[in-house]
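For what it's worth, the UniProt record's numbering labels the leading residue of the sequence shown as 1, then goes sequentially.
Using N, Cα and C, we set each Cβ at its ideal position, and we do this for glycine too.
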Amino acid sequence: MRLLYSATLVLLFKFANGQNATIRGRVTDKITKESLVGVNVVVKGLSLGASTDIDGFYEFKVPEGKHTLVCSFLGYNQQVQQLEVVGGRVYTQNFQIEESSQMLGDVKVTAAKVTNTQAAVVLEVKEAKQVVSGISKQQIAISQDNNAAQVMQRIPGITIVDGRFVLIRGLSERYNNVMINNTLAPSTEVDRRTFSFDLIPSGALDRMLIFKSASPELPGDMAGGVIKVYTTHVVESNFDQFHYGMGYRTQTTFQPFFRSQGSPTDFLGFDTYRRLPSDFPSTNRFEDLPTLSPERTEFAHMLTNNFEVNEYTTPIDFNVGYSFGRVVNKGRNQFSNITSFSISQSYVHTKRGFNRYFEYDVTRPDEVLLRFEFFDDIYEKNNRVSLMSNFSWLRSSKYKISWSNLFNQIGEDETILRKGEDFVQDIGFRRHYLLGYRSRSIYIGQGEVNYQMDDQQSLNFTLGLNLVNESEPDLRRFRTFLPENSSDGKFVMLTPPSSNLFDASRYFGKLIEISSSQAINYQYKNTRPGFFQVLKTGIFSDLKYRDFNSRYFSYLIPGSVSSDRKAELERLPLGEIFSKENVGPDGFVLREGTRPVDQYQASNILTAVYIGANSEYRRFNFDYGFRYEYNIQRLDGYQGLLPIEVNNPFGNFLPMLNVNYYTNEKSQLRVAYARTVNRPEFRELAPFLFYDYKLDANKVGEPRLSNAVIDNFDLRYEYYPRLGEMLSIALFYKFFDNPIEQRNIITSELPQFTYINADYAENYGVEVELRKSLKGVVSNRFLERLSFNANATYIYSVVDLGAQASAQTRVRPLQGQSPFIVNMIMAYSNEKRSEIISVAYNIFGERLFAIGDVNFPDIWELPRHSIDLTVSKTFNRIQLKFGIQDLLNYNYRFFQDTDRNGSPYDPLDRNIFSFRRGTLFNVNMTYNFN
């Protein structure tokens with residue numbers, strides 16, 4: 001493998017040695033003589049070119065020979081110029097272009113265009129037939145955002161949960177579909193359908209688009225929207241970059257940090273120490289052995305004695321990476337590659353209060369009694385290795401072949417030290433522990449072929465392959481307490497009568513998911529007068545398979561052990577208590593609690609066909625069609641001790657319509673309708689029960705779930721005063737039939753969350769977005785360098801659970817929905833001095849975090865303010881970026897609705913948990929070798 005990689009590098013460097021010529025110039029308006037910003041100047045037949053800067057200048061390199069330059073700009077006539085160049089020389093080619101009397105739909109660009117600038121993304125949003133929001137690489141660069149999740153909170157209607165999951169218009173992440181480079185992305189979490197956007201580094205992004213209304217060529221499972229993430233494929237010239245960054249987090253860096261012993265490979269994101277030994281016996285064989293047999297004791301000794309918590313001093317966060325791009329031009333062929341590699345390590349220490357209360361008694365209005373009161377110290381260490389390598393081959397203007405690869409290896413080490421009192425089981429002051437590690441390997445790959453058959457016909461082929469391999473080796477959870485009358489001050493280990501998930505427990509989980517997708521898309525452009533201008537059709541298939549299994553054990557003390565020996569064992573230090581000397585016939589025995597329900601296998605087969613067309617009539621543009629999706633979900637598992645098989649074939653006919661009315665060249669009105677579908681995820685169907693330590697609750701799936709169907713309506717007005725600027729106002733409404741919602745099953749002590757199909761739900765909302773630059777508006781040099789990007793969303797939603805609500809509130813808001821979201825960015829950009837300063841603000845409204853029942857009221861997350869600051873300066877080859885993330889360090893607050901009136905702000909409502917993650921100070925340096 002090393003030899004192959006070295007040979008590839010040698011070839012790339014060899015191809016990069018050819019000498020190019022430089023073409024530069026300025027583009028102005030032929031009548032006013034003013035400079036034009038964002039004009040595309042490209043080489044016909046090659047993916048070479050540039051967009052003009054704020055002064056109208058452009059510059060790029062081309063190979064030696066004769067070339068045709070194409071200058072094109074929205075609303076202007078295209079201009080073509082022939083030019084012959086010699087390698088090593090600089091050529092000046094200016095353009096004076098004049099406005100076109102034709103409408104937006106008549107502008108035709110005949111070569112590759114720049115897609116990653118703010119102006120380009122605004123233009124793409126304007127030309128789209130659907131309701132779309134987006135963000136460009138240029139806008140990402142002025143923020144302190146390190147990954148795609150942080151980037152997305154700048155987009156209208158977007159809410160980020162847990163720093164990595166995305167809600168669109170207040171809808172749960174389950175209603176979103178994610179595509180990376182036109183291929184479906186995998187679900188990255190075991191227990192829910194979602195994509196972890198923190199896996200994609202912001203530096204790898206070309207642009208991101210959020211499609212909020214449907215069209216036939218988009219997936220039908222998109223009630224919230226389709227998130228399209230485009231990574232960089234094509235580079236204009238060779239480059240090499242080295243990146244290094246450091247981070248200091250208040251309340252964490254240089255402070256005490258606790259964790260259990262790890263493996264030597266933890267820094268690479270995978271474990272070689274905690275995992276269950278390969279020769280450890282199967283569940284049936286282990287349980288067939290007598291409890292006190294020497295063989296069972298020998299197997300128990302194979303597990304590492306890793307229950308001690310060690311103290312360290314937290315180092316600074318760091319990230320280091322190297323990236324390079326290569327482009328080779330051979331005649332009418334262009335080969336391009338961009339590769340980036342990075343490794344990072346980060347730490348977070350969070351102090352969290354965690355409370356639970358007895359049910360509120362209306363006859364005693366002044367009393368809300370505690371069930372328990374705990375204080376958590378949560379220590380999280382994250383290691384990540386990322387590799388992205390994208391290839392493209394352009395042959396003239398007819399063929400484009402691309403191959404994209406994104407790989408992440410992630411290791412998450414988590415330690416939770418919990419202390420406090422349980423007033424129900426009043427046995428003394430408590431100390432509870434969670435010692436865990438999770439390793440994930442995620443590969444996302446796509447191949448795409450675009451073939452321009454002629455001026456009217458084009459074909460697109462895509463092939464995707466996704467692999468997810470997740471391991472949770474040796475998740476240890478145990479509880480200790482200090483007896484009230486203790487004379488020696490030693491804590492006592494709680495040992496269970498039978499194996500469970502939270503007392504002297506060891507859990508091992510493993511998941512493998514493989515998915516592949518294939519698509520063929522055909523488009524025909526009608527150049528003759530007729531009913532339609534564009535006809536599009538295609539077929540799609542997606543095959544997914546998941547294999548999940550888990551095992552768990554607990555240490556018990558058999559009845560044959562004397563009471564004195566039992567008391568001695570339970571008071572041993574954590575580093576000794578489960579050592580080999582204390583595991584055996586006269587000590588602890590290892591008991592497995594694994595049941596058939598703790599594993600499942602599932603598959604999903606989705607096939608689709610679509611037909612769509614685009615028609616124009618005067619100022620109207622109609623984009624319409626339908627998509628038919630046939631889906632078969634299968635799951636083999638157990639419910640209790642009985643085998644269960646889920647076999648759900650569903651067919652959905654999904655009509656769609658988008659109407660655009662061009663009021664003038666700067667504004668348009670959009671109206672859209674679509675029927676979409678939402679399917680249950682594997683984990684929601686599987687009756688596997690998992691104990692969530694942070695929530696102190698159980699989670700279990702429901703095999704009887706069925707599909708939800710959603711009718712979506714959108715109305716949006718857009719105004720584009722100047723290039724790169726926009727103002728939009730949107731209204732939307734959604735009606736859900738059989739929406740999939742979380743519910744709470746009544747249990748004696750712990751909440752238990754599962755899923756149901758509610759009767760119906762509705763969602764209403766309004767969105768406003770503004771992108772504005774003061775360039776040309778004011779005469780002050782400082783003020784004219786300012787730009788603003790602001791968006792706000794107001795949402796009202798309601799769900800009716802129907803008769804299944806039982807002990808819960810029947811009518812309530814959708815879970816996870818915020819009634820309002822506000823994002824604002826103000827940026828100062830001095831291109832002559834290569835300086836950028838930006839300030840970003842975000843706030844979301846209160847949202848329903850966890851569903852309650854008669855014993856446990858609903859839990860709400862309260863609003864939180866966030867401010868980020870970024871300063872960037874470029875010195876020749878070096879770019880320095882300083883940032884402050886979460887400047888306010890505002891408290892995360894979760895309150896229970898004690899009096900059950902639907903609001904968490906009343907005097908009786910109590911704090912369930914609250915915490916701060918600290919302010920992060922970042923310094924990043926990028927060195928450009930070229």
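Query, Result
"Going by other Cβ atoms of all chains shown within 10 Å of its Cβ, with 16 needed for buried, is R847 buried or exposed?", "buried"
"If contacts are defined as beta-carbon pairs under 8 Å, then Y76 and V85 qualify, I think. What distance do you get, rounded to the angstrom?", "Not quite, the Cβ-Cβ distance comes to about 25 Å (not below 8 Å), so this is no contact."
"Would you kindly work out how many angstroms separate the C-alpha atoms of G225 and F270, rounded to a whole number?", "34 Å"
"For the candidate residues T283, G262, Q241, Y248, whose alpha-carbon lies nearest to that of V320?", "Q241"
"My guess is that H233 and I338 are in contact by the Cβ rule of under 8 Å, so how many angstroms apart are they, rounded?", "7 Å"
"Have a look at residue 986 and R833 and give me their C-alpha separation to the nearest angstrom.", "With the chain running from 1 to 930 in the structure shown, residue 986 is simply not present."
"Here's a check: name, in chain order, each residue in its chain whose Cβ is nearer than 7 Å to the Cβ of N930, leaving out the five neighbours to either side.", "N238, F239, D240"
"If you draw a straight line from the C-alpha of Q456 to the C-alpha of A613, how long is it?", "14 Å"
"Report all residues from its chain with a CB closer than 6 Å to the CB of S336; omit the five preceding and five following residues, and keep chain order.", "V234, V235, V327, S392"
"How about Q446 and I200: are their beta carbons less than 8 Å apart?", "no"
"Tell whether a beta-carbon distance below 8 Å holds between G420 and P483.", "no"
"With distance defined between alpha-carbon atoms, name the residue in K536, T663, L654 nearest to V677.", "L654"
"Considering only the alpha carbon of each residue, which of I710, V799, A708, D692 lies closest to F753?", "D692"
"Does the distance between the C-beta of I180 and the nearest non-hydrogen atom of the ligand COA fall short of 7 Å?", "This structure lacks the ligand COA; in fact it carries no ligand of any kind."
"Is it true that the CB of I795 sits closer than 8 Å to the CB of residue 932?", "With the chain covering only 1 through 930, there is no way to say anything about residue 932."
"Straight-line CA distance for M925 to E173?", "34 Å"
"Alpha carbon to alpha carbon, how far is T415 from T495? Give it in angstroms, no decimals.", "21 Å"
"Quick one: is residue 932 buried, meaning 16 or more other Cβ sit within 10 Å of its Cβ, or exposed?", "No answer is possible for residue 932: it lies beyond the span of the chain, which begins at 1 and ends at 930."
"Give me the Cβ distance between residue 957 and K734, rounded to the nearest whole Å; I'm assuming they're in contact under 8 Å.", "The structure shown does not extend to residue 957, since the chain is modelled only from 1 through 930, so no value can be given for it."
"When the Cα atoms are used, what is the spatial distance from V131 to A674?", "12 Å"
"Would a C-beta distance cut-off of 8 Å place V70 and V37 closer than the cut-off?", "no"
"One question on the structure: do F578 and I520 come within less than 8 Å of each other, judged by their Cβ atoms?", "no"
"Just to check my reading of the structure: Y357 and V368 have Cβ atoms closer than 8 Å, yes? What is that Cβ distance to the nearest angstrom?", "5 Å"
"Mind checking who Q82 pairs with in its DSSP beta bridge?", "T68"
"Counting C-beta neighbours from all protein chains within 10 Å, is the total for M302 16 or more, i.e. buried, or is it exposed?", "exposed"
"Using a C-beta cutoff of 8 Å, does F856 count as contacting chain D?", "Among the chains of the structure shown, chain D does not appear; only one protein chain is present."
"According to the neighbour-count rule (16 or more other Cβ atoms, all chains shown, within 10 Å of its Cβ), is F736 buried or exposed?", "buried"
"Is residue 931 near G918, with beta carbons less than 8 Å apart?", "The displayed coordinates of the chain run from 1 to 930. Any statement about residue 931 would go beyond what the structure contains."
"In the region 455 to 540, which residue ranges form an unbroken beta strand (DSSP E) of at least 3 residues, counting only runs that do not cross its ends?", "457 to 482, 505 to 525"
"By alpha-carbon positions, which one of E835, D868, V700, T183 ends up nearest to F875?", "E835"
"Between the C-alpha atoms of R418 and L435, what's the straight-line distance to the nearest angstrom?", "11 Å"
"DSSP state of D266, grouped into three classes?", "helix"
"Using three-state DSSP, classify S35 as helix, strand or coil.", "strand"
"Quick one: complete beta strand (DSSP E) runs, 3+ long, within the region 297 to 382?", "310 to 313, 317 to 330, 333 to 357"
"Just verifying my parser: in three-state terms, what is the DSSP assignment at M726?", "strand"
"Could you give the C-beta distance for L387 and F341, rounded to a whole number, given that I count them as a contact under 8 Å?", "5 Å"
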